[in-house]
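Note that full-length UniProt numbering gives residue 5 to position 5 of the sequence shown, counting from 1, and the numbers run on in steps of one.
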Amino acid sequence: MLKVLAACGSGMGSSQIIKMKIEKVFKKHNIPITIHHCSVSEAKSLLRDYDVVISSLALIDNFKDAEKYNTIVIGLRNLLSEQEIEEKIVEKVINRK
Numbered sequence: 001m002l003k004v005l006a007a008c009g010s011g012m013g014s015s016q017i018i019k020m021k022i023e024k025v026f027k028k029h030n031i032p033i034t035i036h037h038c039s040v041s042e043a044k045s046l047l048r049d050y051d052v053v054i055s056s057l058a059l060i061d062n063f064k065d066a067e068k069y070n071t072i073v074i075g076l077r078n079l080l081s082e083q084e085i086e087e088k089i090v091e092k093v094i095n096r097k
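Quick look at the structure:
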């Protein structure tokens, strides 16, 4: 099962919204996931425990260590765009396998 982390500045609003959209996209593609949402500062310390981190494009510089753990980082321009979320998940996660 794929472990996915949705992160935003405070871990409250935006990450909860994208968490719901991420769940919908993975369900559509029949990929089982476990997903958690949190703040960027918490996410930085959890990188080794997750396969994928999804956050705002403006915040992805916080995840420079992700490569060490083979964690995929996805930056979003529009956190509300389910289309963008799906396109990036397909490109960076589904088609990568």
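Built from N, CA and C at the ideal position, the CB exists for glycine as well.
- About 6 Å separates the beta carbons of G9 and V40, which is inside the 8 Å limit, making them a contact pair.
- Spanning the alpha carbons of I35 and V53 requires a straight line of approximately 10 Å.
- For the pair D65 and P32, the Cα-to-Cα distance works out to about 25 Å.
- Excluding five sequence positions before and after V73, the CB atoms of its chain that fall closer than 6 Å to its own CB belong to V53, I60, F63, A66, given in chain order.
- Relative to S81, the option among K68, K27, K21, L5 whose CA is nearest is K21.
- The criterion of a C-beta distance shorter than 8 Å is not satisfied by H37 and K24.
- If you compare the alpha carbons of E86, D49, E42 with that of K3, the shortest gap goes to D49.
- The C-alpha of E86 is placed about 13 Å away from the C-alpha of R77.
- Only exposed fits L57, as fewer than 16 other CB atoms lie within 10 angstroms of its CB.
- A straight-line Cα-Cα distance of about 15 Å links E42 and D51.
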